[in-house]
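Remarks on the structure that follows.
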Amino acid sequence: MRKITFMLVFLLAAGISGVFAQTRTVTGKVTSSQDGEGIPGVTVRVKGTTIGAITNLDGFYELNVRPDHRTLVFSYVSMKSQEVPLGTEVSINIVMEPDIFQIDEVVVTALGISKEKKSLGYAVQTVGDEELVRTGNANIMGAMQGKIAGVDIKPSSGMPGASSQMVIRGARSFTGNNTPLYVVDGMPIASTAPYSTGNSVTGSDVANRALDINPADIESIDILKGQAAAALYGIRASNGVVIITTKSGRGLAAGKPVVTFNHNTSFDVVSRTPDYQTTYAQGSYGVYQPTASYSWGPKIVDLPDDPNYGGNTDNQYTAEWGEQKGKYYVPQLDQAGLNPWLTPQVYNNWDDYFQTGHTVSNNLSVSQATSEGNFALGISMTDQKGIALATGMKRYNAKASGERNLNKNFTAGFSANFSKSNIDKLSGANDGSLTGPLAAPSSYNLKGTPYHIPGNPYRQIYFRGGSFDNSYWIPDNNTFNELNNRFFGNGYVNYIANLSEGMILRLRYQAGVDTYSTHLQDIFGFGARNNSQGVIDNYGTTYSLFNSTATANFDWKINSDLEFNAMIGNEINHSSSKSYWETGTDFNFGGWNHIGNAKIVTAGESQSEFRDMGVFGSLALSWKSMLFLNATGRNDIVSQMPRDNRTFFYPSVSLGFVATELPGLEDLSWLSFAKLRASYAEVGQAGRYLENYYLTPGYSGGFWLSEPIQYPIGGVNSYIPNSTQYDPNLKPQNTVSYEVGVDLKFFENRFGVDYNFSHQTVTDQIFPVPLAGSTGASQLVMNGGKVQTDVHEVMMYVTPVKTNAFQWDLNFNYAAVENNVIELAEGVESIFLGGFVTPQVRAGIGYTYPVIYGTSFVRDDDGNVVVIDNPGAWNHGMPMSGEPGVIGEVSPKFILGATNTFRFKDLSLSAVFEWKNGGEMYSGSNGLIDLYGMSAVTEDRESTFIFKGVKPDGTPNDIVRGGPNDPDAYQDLYANVLSDIDEYYIHDNSFVKLRELSLRYQFAKPIYKTMNIGVSLYARNILLWTALRNIDPETSQGNNNMGGSFERFSLPQTTSYGFGFDITF
Amino acid sequence: MKKKINIVLAAMLLMLAWSCSQDIMDDINKNVNDPTNVSANLIITDAMITSAFSITGSDLAFYASIYMEHNVGIWNQGYSAEIRTGEPISATTYNNSWNTMYNNLYNLKTIIEKCSEDGDESDNYYTLGIAQTLMAHNLATLTDLMGDVPWEEALQPGFIYTPKLDNQEEIYAEVFSLLDAAIENFNKESIIYLGAQDFIYGGNAASIKDWEKLAYGLKARYTMRLSLKDAQYGKVIEYANKSFASSAGQAQLNYNGSTMVSPFYKFFTDRDYFGASESFYNKLDARNDPRLDLFWEPHPSSGSFLLAPNGSPDQVQGLYSISAISNPTAPTYLLSYHEIEFLKAEAYVRLNQLSDAKAALKKAVTAAFQKVNIGLTADDAEEYFTDEVEPRFNSNALSEVMNQKYFAFFEEEAIEAYCDYRRLRAMGDNVIQLVNPKNVDRFPQRYTYGNSDVTTNVNVREAYGDGSYVFTEKVWWAGGTR
């Protein structure tokens, strides 16, 4: 942070100099009380004038003063200002004390403007490099979790490269993008996934492009949460902005280069193992069925007595093999050419499957500053092996940045980042790769039974029928791979000039590119059970964004109390992308999973371009470091809207009032700082308008796992009207927001509270409004919807103990986000976000966003579950499947992140907790292991039970089911009744997690010459408690707006343990 | 300094002018990936394939197949439909089909507009006639299964969001007027043919006669359908006589087995929800029907022959035997020749012209025996007819005609079987016996409306209620009110 401070001061003060008659020269050195080193960039000013100088990189300054000059003022943003009377001395050396009220107080706001935090009329939050890399997380999203109030980061799984959803202060769009704009070193870059997982019920996850950012390269992250903070970014900024500043040589002392190497190794294990029943064998209604997906069979120990397959009984197998005392016949072993007779045993197929994953990352960087400029170079490599077979990620990052002072006015520089990643994934949900480990019967030895018949690797052996592949067959045959290459960077020229006393003009022009290509492969190999001859999908996108930003900034210190700043600028964003896909169906033969081996090949491509062009300006006025007024305006013109609705204006205004600058409050010992702030802003989002068009029809979906009809057919193609149509009157959706906040610091900054309330109303939401099928089209892209969000955020810190040797810091980030869908287009009650027909994730009027919709229990007016009262019926005394409706709300009541740090001399122990209170998810896996009779809740099949509820007449249910005379009741309940009621699959997924735990030792002094070393031990994602049974609550399907709410054969989360060290010299 | 500021401002204005002219922006936003207009012949191809594969051959037929006991649903949605929980009353069950039918009707409407007087292709009479024929077929299928449905106000996306329902009687009038208009168009002079875009009849000059025969055949089918309300058996015979004279001319979609796969086969490979129906097997068994050995085979993962009990199968995959005539190339019939002969046979029976009826029945059974995925011969049919069919015909002509029709419709023509069954029951002719015990009070008299309308169209939502009407409310032509 100090580096940024230095830069800011440097820029501000660069023009302050002057030569006058009758002057004499004063020189001196400014040093820090903390380390005795010289402080670069300190402003030395003659009081009451604008005559001044700044210290050089070693802390020395030189200043010409006149006899009438009385006092020198030394100021530096994070230090206490000092005034020194001018006598006749020619040398004045001073020692500056850190100003604890000001530390870390400079933040980067929109478009590269650095501001003192106390001047802001809106909330921003900063995450520093140490917090990000403390536990060696390779994914920047994961590294931010729990550290920012109001920011909800939902990971999908613990797989290498898994996507995460980041939403700031609730959602603004139903089906569109709700993730913030990422800006790296001034350049807006893509952060979302190039491919949505759509309904997320088939296929694999697709990584989001934030993955390309290496956490180790980051100097700091500033989060602009509200619309007022982000308004200068215009139409792209309604979801907030994540401003990332990468490491550079800028803040270094001029001199020799600094080399840093750091290494991390961590080991990953599956975070949670479901509780299984271990008594009952594969089968149904107590009868062993060796190909059933159910484990509702006989007791495992009784298998040898099974009439059809038991070794103790007379049946076709004992007739063939003779009596096999104590054993039973397993046809899969027979298929494998092995002895089919097995002694009953209990297997834990889950534990058998998962391996210990590991992550190794190495980062090397070199940076240097000289009197003429600075540079930084870095390379890093991350190698991850996942906990599931054949999963992993390799990522390489390289970065370079440099800056050179051309003359006293001009500076030029650049920043360049390259990333390459290769991710091996697995499929989930209806293509579940891990259905075997999750749900194979305890009686079946999944790992020990060969997964294909001898001599034919493409005929699988599996415990059950259906379309799922054997999890052990998958590594050799199915492929889900992503290959990404990414470059982003920019070059810039800065001009700075002192126009006249107190007036500084700064101009900046920056041009940058962000470009990536991504190539994905989804292959179900020859012999896959959902497509017996295999299918290959190759697809990818080449994307590039050109950005040009020009700004002119004018600072005017009108008098000692009043400062004025004006800025105008222009920004052009032009992006283009080209995507391709080729699908090959039915391989001629196994073992060569290539498009060249496919019998049917279809292909397509798509190109698109977008341009967004903005002019913007801001005006800022500050009075006595007490009142800060800021107004911005931006006009955007975007290509993707209809001709007459392309241009939009977005204003913002904010006010900050530092009460502790008031005379009466200035010297209170208990109150160090108090600020009130308020802001108002409007920002929008554009949709994409197209003229209605025709397309070649597709036949996917519904019952079909692959397309039964694929054009062109024998050279003949067909085109039909697109069932999505476009409203020619489309206009941008608008977000109007205000926020108010108070920032208080007490007792010399030992305790601080920052509270913020914001309210946003999003109107005219753009989304494909689902139409009644009878209209002949399925959806119409139009404006129609209103969402309101109230957010309470509290950021609090306290330092209960602080001595020279020991310090205890606590940091809290709390946010309660209430995000309500107020209106949808006429006739629309809900918007489909993903999932199945039921259950599905959707937006529904009158509910928070999003909700889970599905069939519910039949309930009476008091909400009691009503059971069937029909003596003799198989479902007597059991609940009923009722009308579909909203069965779960995804949004939590609040999220509280807490960081606890103990520092004892050179040792620090830090822990990050996160408590998500409330919120629900659909847990398909939980419901299915009940349905299959594999979960621990199905262990007891002999007791009687009374299902909690009421009878149709309203009296409490007293119908006793189960027990020796009613052996089928449990299977009927779980496999035929509850399995049909989606509501049964809905679970509260509140949790408390120990997200990060790290112990770090930083050697206080160089261990050799200038070599500094730090070592750390850490753990991540240690689950302490959750309301959800059996699986980690942060396991879900989908990289879009349904993320975090829907789980079905999803890939599990991991717990990681690791160590790292870093060497700097 | 002022000069510098002026330069900056001028540069910015220049950039503004360059980057935001409306024409440039239009150009940037131009959709280069899709056409905004195509000719009718390129649209109608998919209207044919959708009519056959999606509407006649897929979901609607799969459920009809369960209700009519051609198959037994043994897993998941199939099982729920079998035991009549959830699926028969849920608005989501037929939602995909509902949307597909209206989408296809919209495509056909687009073609009809293009080929009508004010359209771009006002002289494209044959394509117009084919579109009208297909529209009649789609619309009749829609109302046969769902009853009163949106029609007059339907198919106007972005203009009418909540179309009102129309009576089935009115919709049937529309069906006949479409077929009459089609026949008229087929008899106009034109030189525009569909060629390879016609997947049903090949699109040459001769194909127009075949399309006309299909239109007459559909008139026969739908005239028979209204027999409870307005019996016109003479008309049925008249129309049927103008329709197909052999299976060579029947309206069927053939699948090549690779880029087009037969729906029942695909349903097996992708879902595996069906087991062999015990009641259907028993009916054939009672007649020593040679198709008994051809219709079913053991499930590949079990290897042994096992029939699924109707209404009470175990929910287990890979256990029960499966259809052996579902194969990748088994065609879907928009209207088969054997159906034409069955229609005639029934009409003659109703008119008490039994020898004509018997002759038609024999032709029908022979054609049904010779379906490509059955492959029996005329001799096989002759023997079977003499030994089994004729004696039964002689004792109860209507019963044997309708039962033979029911057998012949296995398994691709399940929707027609379902419509026949409901019509016969309405007319008091309980000649086809279903055994699913759930039918006592839970035989679906109709299909539910699609969920897309139930959730967004108040008119349909009110008609749908809680969905339980499907067990009680018959469609208009079966004596119901809506």
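Heads up: the protein sequence lines correspond to chains A and B, in order. Start counting at 1 in the first sequence, then tack on 27, and there's your number in our numbering. Start counting at 1 in the second sequence, then tack on 77, and there's your number in our numbering. Glycine is no exception: its CB is placed at the ideal position from the N, C-alpha and C atoms.
(message) If you measure between the beta carbons of T506(A) and I450(A), is that distance less than 8 Å?
(response) Residue 506(A) sits at position 479 when you count from the first residue of the first sequence. Residue 450(A) sits at position 423 when you count from the first residue of the first sequence. No, they are not a contact pair.
(message) Suppose only complete runs of 3+ residues qualify. What are the beta strand (DSSP E) ranges in the segment 856 to 939 of chain A, listed by chain order?
(response) 857 to 862, 867 to 871, 878 to 884, 908 to 916 and 921 to 931
(request) Please classify Q129(A): does DSSP put it in a helix, a strand, or coil? (result) What you label residue 129(A) is simply residue 102 of the first sequence in a count that begins at 1. Reliability fails at Q129(A), whose pLDDT of 44 lies under 50, so the model's placement of it is uncertain and the value that follows must be treated cautiously. Coil, per DSSP.
(request) Could you tell me whether the Cβ of N429(B) comes closer than 8 Å to any Cβ of chain A? (result) Here residue 429(B) corresponds to residue number 352 of the second sequence, with the count starting at 1. N429(B) does not count as touching chain A.
(message) Between the alpha carbons of E430(A) and R277(A), how many angstroms are there, rounded?
(response) Walking along the first sequence from the start, residue 430(A) turns up at place 403. Walking along the first sequence from the start, residue 277(A) turns up at place 250. Straight-line Cα distance between these residues: approximately 8 Å.
(message) Looking only at its chain, what residues have a beta carbon closer than 6 Å to the beta carbon of P386(B), apart from the 5 residues adjacent to it on each side?
(response) Translated into the one-based positions of the second sequence, residue 386(B) becomes position 309. Within the same chain, P386(B) has close Cβ partners E355.
(request) Sort V53(A), S571(A), F773(A) and N810(A) by Cα distance to R715(A) and report the nearest one. (result) Against the first sequence, residue 715(A) aligns to sequence position 688. The shortest C-alpha separation from R715(A) is found at N810(A).
(message) Can you tell me whether D362(B) is buried or exposed? The criterion is at least 16 other CB atoms within 10 Å of its CB, across all chains shown.
(response) Translated into positions along the second sequence, residue 362(B) becomes position 285. D362(B) should be labelled exposed.
(request) Mark A280(A) as exposed unless 16 or more other C-beta atoms lie within 10 angstroms of its C-beta, in which case mark it buried. (result) The residue labelled residue 280(A) in the question sits at position 253 within the first sequence. So A280(A) ends up on the exposed side.
(message) Measuring CB atoms only, is the segment 285 to 298 of chain A touching the segment 942 to 954 of chain A, in the sense that at least three cross pairs come out at less than 8 Å?
(response) no
(message) Can you tell me whether M337(B) is helix, strand or coil according to DSSP?
(response) The count along the second sequence starts at 1 and reaches residue 337(B) at position 260. M337(B): strand per DSSP, three-state reduction.
(message) Taking 7 Å as the cut-off, is the C-beta of R930(A) nearer than that to any heavy atom in the ligand ATP?
(response) This structure lacks the ligand ATP, and indeed carries no ligand of any kind.
(request) Check the Cβ-Cβ distances between T122(B) and every residue of chain A, and say whether any is below 8 Å. (result) To locate residue 122(B), count along the second sequence from 1; it is residue 45. So, interface residue.
(message) Helix, strand or coil for T1037(A)? Go by DSSP, reduced to three states.
(response) Taking the first residue of the first sequence as 1, we reach residue 1037(A) at position 1010. If DSSP states are grouped into helix, strand and coil, T1037(A) belongs with coil.
(request) Assuming N266(A) and N166(A) form a contact by the criterion Cβ under 8 Å, report the distance between their Cβ atoms to the nearest whole angstrom. (result) Here residue 266(A) corresponds to residue number 239 of the first sequence, with the count starting at 1. Here residue 166(A) corresponds to residue number 139 of the first sequence, with the count starting at 1. At roughly 20 Å, the Cβ-Cβ gap does not stay under 8 Å, so N266(A) and N166(A) are not in contact.
(request) Put I747(A) into one of helix, strand or coil per three-state DSSP. (result) Taking the first residue of the first sequence as 1, we reach residue 747(A) at position 720. DSSP places I747(A) in strand when its eight states are reduced to three.
(request) Excluding the 5 residues preceding and the 5 following L182(B) in the sequence, name in chain order all residues of the same chain whose CB lies nearer than 7 Å to its CB. (result) Along the second sequence, one-based indexing puts residue 182(B) at 105. Around L182(B): M212, N215, L216 and L232.
(request) Closer than 9 Å, Cβ to Cβ, to anything on chain A: give me those residues from the segment 215 to 232 of chain B, in chain order. (result) V226, P227, W228, E230, A231 and L232
(request) Measuring only between beta-carbons, confirm whether D1007(A) sits less than 8 Å from chain B. (result) Looking up residue 1007(A) in the first sequence gives position 980. So yes, D1007(A) belongs to the interface.
(request) For the beta strand (DSSP E) containing G352(B), list its first residue and its last residue. (result) Looking up residue 352(B) in the second sequence gives position 275. Where G352(B) is concerned, the enclosing beta strand (DSSP E) stretches over F351 to A353.
(message) Whole angstroms are fine: how far does the CA of T525(B) sit from the CA of I132(B)?
(response) Numbered from 1 along the second sequence, position 55 holds the residue referred to as residue 132(B). Numbered from 1 along the second sequence, position 448 holds the residue referred to as residue 525(B). Distance between the alpha carbons of I132(B) and T525(B): 15 Å.
(message) Bridge partners for M823(A) per DSSP, in chain order?
(response) The residue given as residue 823(A) occupies position 796 in the first sequence. Per DSSP, V780(A) and F839(A).
(request) Please determine if the segment 589 to 598 of chain A and the segment 641 to 654 of chain A are in contact, where contact requires at least 3 C-beta pairs separated by less than 8 Å. (result) yes
(message) Going by DSSP in three states, E969(A) sits in which element: helix, strand or coil?
(response) Looking up residue 969(A) in the first sequence gives position 942. Looking at E969(A) - three-state DSSP - the assignment turns out to be coil, as it is neither helix nor strand.
(request) Count the CB pairs spanning the segment 665 to 674 of chain A and the segment 755 to 765 of chain A that are closer than 8 Å, and state whether there are at least three. (result) yes
(request) Label H415(B) either buried or exposed according to how many other C-beta atoms from any shown protein chain fall within 10 Å of its C-beta, with 16 as the threshold for buried. (result) Within the second sequence, the letter at position 338 stands for residue 415(B). So H415(B) ends up on the buried side.
(request) Tell me, please, whether the CB atom of L807(A) is closer than 8 Å to any CB atom in chain B? (result) Your numbering for residue 807(A) matches position 780 in the first sequence. Yes, contact with chain B.
(message) Looking at chain B, is there any beta carbon in it that lies within less than 8 Å of the beta carbon of I956(A)?
(response) Reading the first sequence from its first residue, position 929 is the one you call residue 956(A). So, not an interface residue.
(request) Could you check if L689(A) is buried or exposed, using at least 16 other CB atoms within 10 Å of its CB as the buried criterion? (result) Working through the first sequence from its first residue, we reach residue 689(A) at position 662. Exposed, since its Cβ has fewer than 16 Cβ neighbours within 10 Å.
(request) Please list the segments of the beta strand (DSSP E) lying wholly inside the segment 644 to 720 of chain A, counting only runs of 3 or more residues, in order along the chain. (result) 654 to 665, 674 to 685 and 698 to 712
(request) Check the C-beta distance from P317(A) over to Q372(A) and give it rounded, since I have them as a contact under 8 Å. (result) Walking along the first sequence from the start, residue 317(A) turns up at place 290. Walking along the first sequence from the start, residue 372(A) turns up at place 345. The Cβ separation is near 15 Å, so there is no contact.
(message) Once the 5 residues before and after T202(A) are set aside, which same chain residues still bring their CB inside 7 Å of it?
(response) Counting from one through the first sequence, the residue named residue 202(A) turns up at place 175. Same-chain partners within the cutoff: F794, P795, I858, L860 and N1068.
(request) Look at the Cβ atom of G803(A), then the Cβ atom of P234(B), and state whether they are nearer than 8 Å. (result) The residue labelled residue 803(A) in the question sits at position 776 within the first sequence. The residue labelled residue 234(B) in the question sits at position 157 within the second sequence. Result yes, Cβ atoms of G803(A) and P234(B) sit closer than 8 Å.
(request) For V508(B), go through chain A and note every residue whose CB falls closer than 7 Å to its CB, in chain order. (result) For the purposes of this step, residue 508(B) is identified with residue 431 of the second sequence, where counting begins at 1. Here the premise fails: no neighbours, minimum Cβ distance about 31 Å.
(message) Let me check one thing: in DSSP terms, what residues is I599(A) bridge-paired to?
(response) Here the question's residue 599(A) lines up with position 572 in the first sequence. I599(A) pairs with S575(A) and M640(A).
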